[in-house]
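One structure is given here, and the rest of the page talks about it.
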């Protein structure tokens, strides 16, 4: 396809036509990221902002804290616990999304072709629905007078409402809920391409169900699994809205902690350093993902 | 179960149950939210009969009116700008053969899909706040530029997909008949590309309309959009009014999405 254009134009046209998009993105997306990295190496300003003096202090403070009286250095427990909570919640979100997402994707991919589009459409609607609205929706369900507690009390399973809202569990439920479609879609794409005759073949060769799952299905749909897990893990790690709404200010994740540094905390360099950490982790996992998937998936 | 009974892939044990459970879990909260937006009572906890009361209250709320107006103005500008630059970039990257630096263009264009939104938001906060101080301008321009930027990949992907699926024979024929490159584009390429452009613009529109984080960080005082207004309402008790606004916004998204699917299904 691309060879057709070759005769009548030069590659420079590609650059020229892409220039407006590149300029827009360099001004309002990629460029400012460099400012964030720069700010992480500056000194904290008196009120907010920065002073243009080089300092490694923000990076030091990501992991350590210095006692203001005797100057002893210890690990920054508060920062570390927020980072740990973020990683833990993101991994748990990924696991829950996978446990629910794999059967869902499998179910859609094995429907007769004329119903497949319908089921897929049902997954796409929540996927494109505003994240904030979905977070509000799950809040309706898990709050003290919400659907879940009302239901459980009505059937006498509990007598007092269970406090879920404003806990880590609420954040976990919320993230698994909002990111589930991100797991289903790539898994569906992988399973849809899967040749089901391979299962038949395995079965004819006396493989058990478990063996077929482990030795035939999972290895073949692995690129879809990796893609789904990456697509859920990355936004979970940088989540801001869901932990803010469902965690209620106390159960922060890295995203909220970064915001705090730019707002009340007024430590822009520390916020910038934490943003850089998040950026590096996310881009690093994406890089590993592209390496792994380009090596293993012959379909590219 | 006998070992040689043929293996039915549609019926793995527990899979159908978990799949249907997923669908119920995905929709139950949304349905609850929509249902309670028609609550005639004064609190979200008590059902006070079916009514459009909270829609009327939301519609008369000046803060909501302003936010709705701003949301639409920004989303329209952002989708027009993003779609225009994305169309040009898609033409540049699919019709000119492979060239040096193409990967760089792909990475920059898709960057908003890769970088966590909170990091972009913080970056724009720093960048735009110094521009605000330097120029004194605090209008909607910053939000429009920011929204246009993160909408670019959403416009670019369907347009690029459409271009790649398009037969170039017509364009080649036009060129053979001495049509200028502009004439070829205007009378051949663009009409064929239109479904992709419309689809891209619709996705960009929804993405802009729904954005919370970047808007929250970039907006100046008094520049709430519907989502940031709703986020702000959280500090007080949740009212059915927020449910009503959510449902209205949801309806717009579903409408645009349905149109998107209809537009992309009819492939020329």
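Residue numbers (the UniProt record's numbering), protein chains in the order written: chain A, 1 to 300; chain B, 1 to 268.
Every residue gets a Cβ at the ideal spot worked out from N, C-alpha and C, and that includes glycine.
Check your understanding: Can residue 121/B and residue 217/B be called in contact, C-beta distance under 7 Å?
Key -> By one-based count along the second chain, residue 121/B stands at place 121. By one-based count along the second chain, residue 217/B stands at place 217. Yes; because the gap between Cβ atoms is below 7 Å, this pair is in contact.
Review point. Which two residues bound the contiguous beta strand (DSSP E) that contains residue 75/A?
Key: For the purposes of this step, residue 75/A is taken as residue 75 along the first chain, with counting starting at 1. Residue range 73-75 is occupied by the beta strand (DSSP E) that includes residue 75/A.
**Study point:** Through-space distance from residue 123/A to residue 192/A, alpha-carbon basis
**Key:** For this step, residue 192/A is matched to residue 192 along the first chain. For this step, residue 123/A is matched to residue 123 along the first chain. Here the alpha carbon of residue 192/A sits roughly 15 Å from the alpha carbon of residue 123/A.
Review point. From residue 100/A to residue 106/A, what distance separates their C-alpha atoms?
Key: As a working note, residue 100/A is residue 100 in the first chain. As a working note, residue 106/A is residue 106 in the first chain. Rounded to the nearest angstrom, the two C-alpha atoms are 10 Å apart.
Point to revise | C-alpha distance - residue 225/A paired with residue 259/B, whole-angstrom precision | key: Here residue 225/A refers to the residue found at position 225 of the first chain. Here residue 259/B refers to the residue found at position 259 of the second chain. Cα-Cα distance, rounded: 30 Å.
Review point. How long is the line joining the alpha carbons of residue 22/A and residue 85/B, rounded to whole angstroms?
Key: The count along the first chain starts at 1 and reaches residue 22/A at position 22. The count along the second chain starts at 1 and reaches residue 85/B at position 85. Going by the C-alpha atoms only, they are around 9 Å apart.
Review point. Under a three-way DSSP split, which group does residue 2/B fall into?
Key: Within the second chain, residue 2/B is the residue found at index 2, counting from 1. The predicted model places residue 2/B with a pLDDT of 43, which falls under 50 and marks its position as unreliable, so this point remains unresolved.
Exercise for review: Answer yes or no: does any C-beta atom of chain A fall closer than 7 Å to that of residue 252/B?
Suggested key: Along the second chain, read from residue 1 onward, the residue named residue 252/B stands at position 252. No, residue 252/B does not count as interfacial toward chain A.
Point to revise | residue 268/B at chain A interface by Cβ criterion, 7 Å | key: Numbered from 1 along the second chain, position 268 holds the residue referred to as residue 268/B. A caution first: residue 268/B carries a pLDDT of 42, below 50, which makes its placement in the model too unreliable to give a value.
Review point. Of all the CB atoms in chain B, is at least one closer than 7 Å to the CB of residue 104/A?
Key: On the first chain, position 104 is the one that residue 104/A refers to. Closer than 7 Å to some Cβ of chain B, the Cβ of residue 104/A qualifies, so yes.
Check your understanding: Given a limit of 9 Å on CB to CB distance, which residues of the stretch 13-35 of chain A reach chain B?
Key -> Within the stretch 13-35 of chain A, the residues whose Cβ lies closer than 9 Å to some Cβ of chain B are 13, 14, 15, 16, 17, 18, 19, 20, 21, 22, 23, 24, 25, 26, 27, 28, 29, 30, 31, 32, 33, 34 and 35, listed in chain order.
Practice item. Could you check the C-alpha separation between residue 300/A and residue 190/A for me, to the nearest Å? Key: Reading the first chain from its first residue, position 300 is the one you call residue 300/A. Reading the first chain from its first residue, position 190 is the one you call residue 190/A. In this prediction, residue 300/A has a pLDDT of 39, which is less than 50 and means its spatial position is unreliable; nothing more can be read from the coordinates.
**Study point:** Host beta strand (DSSP E) of residue 42/A (start-end)
**Key:** Walking along the first chain from the start, residue 42/A turns up at place 42. 42-44 is the extent of the beta strand (DSSP E) around residue 42/A.
Review point. Between residue 85/B and chain A, is there a C-beta pair that is closer than 7 Å?
Key: Taking the second chain and counting its residues from 1, the one referred to as residue 85/B is at position 85. Yes, because at least one Cβ of chain A sits closer than 7 Å to the Cβ of residue 85/B.
**Study point:** Segment limits, beta strand (DSSP E) that includes residue 191/A
**Key:** Here residue 191/A corresponds to residue number 191 of the first chain, with the count starting at 1. For residue 191/A, there is no enclosing beta strand (DSSP E); the residue is found in the alpha helix (DSSP H) stretching over 168-193.
Review point. Going along chain B, which residues have a C-beta under 8 Å from residue 270/A?
Key: Sequence index remark: in the first chain, residue 270/A carries index 270 (1-based). Neighbours of residue 270/A in chain B, taken as residues at a C-beta separation under 8 Å, are lacking, since the least C-beta distance is about 12 Å.
**Study point:** Contacting positions in the stretch 37-60 of chain B - beta carbon closer than 7 Å to chain A
**Key:** The stretch 37-60 of chain B vs chain A, Cβ under 7 Å: 45.
Practice item. Count the CB pairs spanning the stretch 117-131 of chain A and the stretch 268-282 of chain A that are closer than 8 Å, and state whether there are at least three. Key: Short answer: they don't touch.
Check your understanding: Where do the N-terminal and C-terminal ends of the beta strand (DSSP E) with residue 301/A fall, by residue?
Key -> The structure shown does not extend to residue 301/A, since chain A is modelled only from 1 through 300, so no value can be given for it.
Check your understanding: Where does residue 61/B fall in DSSP's three states?
Key -> Working through the second chain from its first residue, we reach residue 61/B at position 61. It is coil, neither helix nor strand.
Review point. Interface residues of chain B around residue 302/A at Cβ under 9 Å?
Key: Because chain A in this structure spans residues 1 to 300, residue 302/A falls outside the shown range and cannot be described.
Check your understanding: By Cβ distance below 6 Å, which residues in the same chain neighbour residue 154/B in space, the five residues on each side in sequence not counted?
Key -> Here the question's residue 154/B lines up with position 154 in the second chain. Counting only Cβ-Cβ distances below 6 Å, and skipping sequence neighbours, we find 203, 204 and 207.
**Study point:** Classification of residue 13/B by the beta-carbon crowding that lies within 10 angstroms, buried from 16 upward
**Key:** For this step, residue 13/B is matched to residue 13 along the second chain. Its Cβ having fewer than 16 others within 10 Å, residue 13/B is exposed.
**Study point:** Within chain B, the residues that residue 294/A reaches when beta carbons sit closer than 8 Å
**Key:** Here the question's residue 294/A lines up with position 294 in the first chain. Around residue 294/A, no beta-carbon contact reaches into chain B at under 8 Å, the shortest distance being about 13 Å.
Review point. According to DSSP, is residue 107/A helix, strand or coil?
Key: For the purposes of this step, residue 107/A is identified with residue 107 of the first chain, where counting begins at 1. Taken through DSSP and simplified to helix, strand or coil, residue 107/A comes out as helix.
Exercise for review: Using only alpha-carbon positions, find the residue among 148/A, 74/A, 84/A and 26/A that is nearest to residue 25/B.
Suggested key: As a working mapping, residue 25/B is identified with position 25 in the second chain. The candidate whose alpha carbon is nearest that of residue 25/B is 148/A.
Review point. Can at least three beta-carbon pairs, one atom from the stretch 107-121 of chain B and one from the stretch 152-167 of chain B, be found at a separation below 8 Å?
Key: In short, these stretches touch, since the Cβ pair count reaches three.
Review point. Is there contact between the stretch 207-223 of chain A and the stretch 161-168 of chain A, where contact requires at least three CB pairs shorter than 8 Å?
Key: The stretch 207-223 of chain A, when compared against the stretch 161-168 of chain A, does not touch it at the 8 Å Cβ threshold.
Check your understanding: Does the beta carbon of residue 194/B sit closer than 7 Å to a beta carbon anywhere in chain A?
Key -> Along the second chain, read from residue 1 onward, the residue named residue 194/B stands at position 194. It does not; no Cβ of chain A falls within 7 Å.
Check your understanding: Which residues in the same chain have their Cβ closer than 6 Å to the Cβ of residue 34/B, if we skip the five residues on either side of it in sequence?
Key -> In the second chain, the residue the question calls residue 34/B occupies position 34. Result list for residue 34/B: 247, in chain order.
Practice item. Kindly list, in the order they appear in chain A, the residues whose Cβ is closer than 9 Å to that of residue 114/B. Key: In the second chain, counting from the first residue as 1, residue 114/B sits at position 114. Ordered by position in chain A, the residues that pass the 9 Å Cβ test against residue 114/B are 234, 282, 283 and 286.
Check your understanding: By DSSP, does residue 299/A sit in helix, in strand, or in coil?
Key -> Position 299 of the first chain, counted from the start, is the residue given in the question as residue 299/A. Note that residue 299/A scores 48 on pLDDT, short of 50, meaning its location in the model is unreliable; the coordinates nonetheless yield the value given after this. Three-state result, residue 299/A: coil.
Practice item. For residue 145/A, return the contacting residues in chain B, with the cut-off set at a CB-CB distance below 7 Å. Key: Your numbering for residue 145/A matches position 145 in the first chain. Listed along chain B are 45, each with a C-beta nearer than 7 Å to that of residue 145/A.
Review point. Alpha carbon to alpha carbon, how far is residue 16/A from residue 92/B?
Key: Position 16 of the first chain, counting from 1, holds the residue named residue 16/A. Position 92 of the second chain, counting from 1, holds the residue named residue 92/B. Distance between residue 16/A and residue 92/B, taken at the CA atoms: about 7 Å.
Practice item. Return no unless some Cβ of chain A is closer than 7 Å to the Cβ of residue 152/B. Key: The sequence position of residue 152/B within the second chain is 152, counting from 1. By the rule that beta-carbons nearer than 7 Å mark a contact, residue 152/B touches chain A.
Check your understanding: Between which two residues does the beta strand (DSSP E) harbouring residue 264/A extend?
Key -> Mapped onto the first chain, residue 264/A falls at position 264. No beta strand (DSSP E) contains residue 264/A, which DSSP labels as neither H nor E.
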